[in-house]
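Be aware that the sequence shown starts at 58, since it is given in our numbering, and climbs by one per residue.
All C-beta atoms in this analysis are idealised placements derived from N, C-alpha and C, irrespective of residue type, glycine included.
This structure is a prediction, so every number in the text was calculated from the model and none was measured.
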Amino acid sequence: MDLGQANSKQNHSTVQEFILLGYQEYPALLFTVFLATYTAILLGNGLIVVVTTLDPALHTPMYFFLRSLSGLEMCYTSVTLPKMMANLVSGDHSISLPACASQLFFLIFLGGTECFLLAAMAYDRYLAICLPLHYMTIMNHRVRMGMVVGSFVISLPMQLVQIGIIFSLPFCGSNEIDHFFCDIPPLLSLACADLHSNELAVYIESTTFVIIPFLLILASYVQIAKAILRMPSATGRQRTFSTCSSHLTVVILFYGSAAIVYLRPKTPESVKVNKLLSLLYTVIIPLCNPLIYTLRNREVKTAFKRLLGRKRTLEVGTRIMS
């Protein structure tokens, strides 16, 4: 081995761990905020899962997809927030290479799954509004179960390939990730290799898991909008649109932030912007989902009241028997 090869090998030494810089100011305050947020996410989305499972009136395709989305959001948030809180408590912001790879895999796997699940929910709304007479026949239990499982299955192989590509790169020099968690853009910025093919792979995957489902959602809502405009009653139009407004809000927030982070060209200002936007799609949206889907939803609020009434009845019965 000549001197040039030896220097090359030394300069490309493998990084064994990364340092997640995130926001290190006011750790006690940030920990309190993240803990309260994580608790609210688990309680809010968990409540939707419980209510839509226990109440027979909500055993419909729309609430089946909502239950699946709420369960997915709890898992999605659990990939990043516990580690962020642990770092703030311990003051140790390091993460090992295998742990970083695992975190990134579950982040993009569950994120890709959510993209296709949101598309499935849009298709469900399209069938309910545009083909109401055939809705229950088409959207039977086997079909909706297949759509949810398919959202996971489609995402899995491409994300495994993506993780393999990223972590086959040599990481050298600085091991500091200016982010809350392991994510694709900051990791690629630390690699000391020709990134053209890797950035192209990221772009193709992002296009697949962001643009294609978004186009499917857009196509569904174009047909929904046409159907709503043909309705003679203003009250009917408003009622029909209200059933889609919650889902449409989540789609705009989720896809908008993800597209900016993964699809726009890199600039010196993009690091700070991406850090803020990452909080939007990993923390804020899962936190707001229960509010978005329940504040204007009479069926869920009524089911929640029935569940509370049933619980009080059981408590009274237990006291009488004791």
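1) Evaluate L77 with the Cβ neighbour count: other Cβ atoms within 10 Å of its Cβ, from every protein chain shown; 16 or more gives buried, anything less gives exposed.
2) Would you decide whether T134 is buried or exposed? Buried here means 16 or more other CB atoms lie within 10 Å of its CB.
3) For K283, which of H150, I186, S153, L167 has the nearest alpha-carbon?
4) Shortest alpha-carbon distance to F163 belongs to which of M178, I241, V357, T194?
5) DSSP three-state call for L252: helix, strand or coil?
6) If we count the other Cβ atoms within 10 Å of its Cβ and call it buried at 16 or more, is V146 buried or exposed?
7) In angstroms with no decimal places, state the Cα-to-Cα distance between L286 and L272.
8) Residue range of the beta strand (DSSP E) that I152 falls in?
9) State the beta-bridge partners of L50 as determined by DSSP.
10) Is DSSP giving T194 helix, strand or coil here?
11) Just to confirm, are F266 and C345 a CB contact at a threshold of 7 Å?
12) Once DSSP output is grouped into helix, strand and coil, what is the label at E82?
13) Could you tell me which uninterrupted alpha helix (DSSP H) segments, each at least 4 residues in length, are contained entirely in the stretch 210-263, listed from first to last along the chain?
14) Scan the stretch 84-116 and note each continuous alpha helix (DSSP H) run of 4 residues or more that stays entirely inside, going in chain order.
15) Taking DSSP's pairing of strands, which residues face L188 in a bridge?
16) Which word fits D149, buried or exposed, when buried means at least 16 other C-beta atoms lie within 10 angstroms of its C-beta?
17) Report the rounded CA-to-CA distance for M196 versus A258, giving the unit in angstroms.
18) Use the C-beta contact count for E130: other C-beta atoms within 10 angstroms, 16 or more gives buried, fewer gives exposed.
19) Buried or exposed for D251, please, with buried defined as at least 16 other CB atoms from any protein chain shown within 10 angstroms of its CB.
20) Measuring only the C-alpha atoms, how far is G366 from L100?
21) So, Y95 versus L138, is the Cβ gap smaller than 7 Å?
22) Using a Cβ-Cβ cutoff of less than 8 Å, which residues in the same chain neighbour L337 once the five nearest sequence positions on both sides are dropped?
23) Suppose the cutoff is 6 Å on Cβ atoms and the five residues either side in sequence are ignored; what does the same chain contact list for L184 look like?
24) If you follow the alpha helix (DSSP H) that F271 is part of, which residue opens it and which one closes it?
25) State the beta-bridge partners of I76 as determined by DSSP.
26) What's the gap between the Cα of I317 and the Cα of I269?
27) Within 10 angstroms of its Cβ, does M178 collect 16 or more other Cβ (buried), or is it exposed?
Quick look at the numbers:
1) buried
2) buried
3) I186
4) I241
5) coil
6) exposed
7) 21 Å
8) 151-153
9) Because the chain is modelled from 58 through 379, residue 50 falls outside the range shown and cannot be assessed.
10) helix
11) no
12) coil
13) 241-247, 253-263
14) 84-111
15) The partner list for L188 (beta bridge, DSSP) is empty, contrary to what the question assumes.
16) exposed
17) 35 Å
18) buried
19) exposed
20) 19 Å
21) yes
22) L310, S314
23) Y192, I195, M196
24) 269-286
25) S151, E233
26) 16 Å
27) buried
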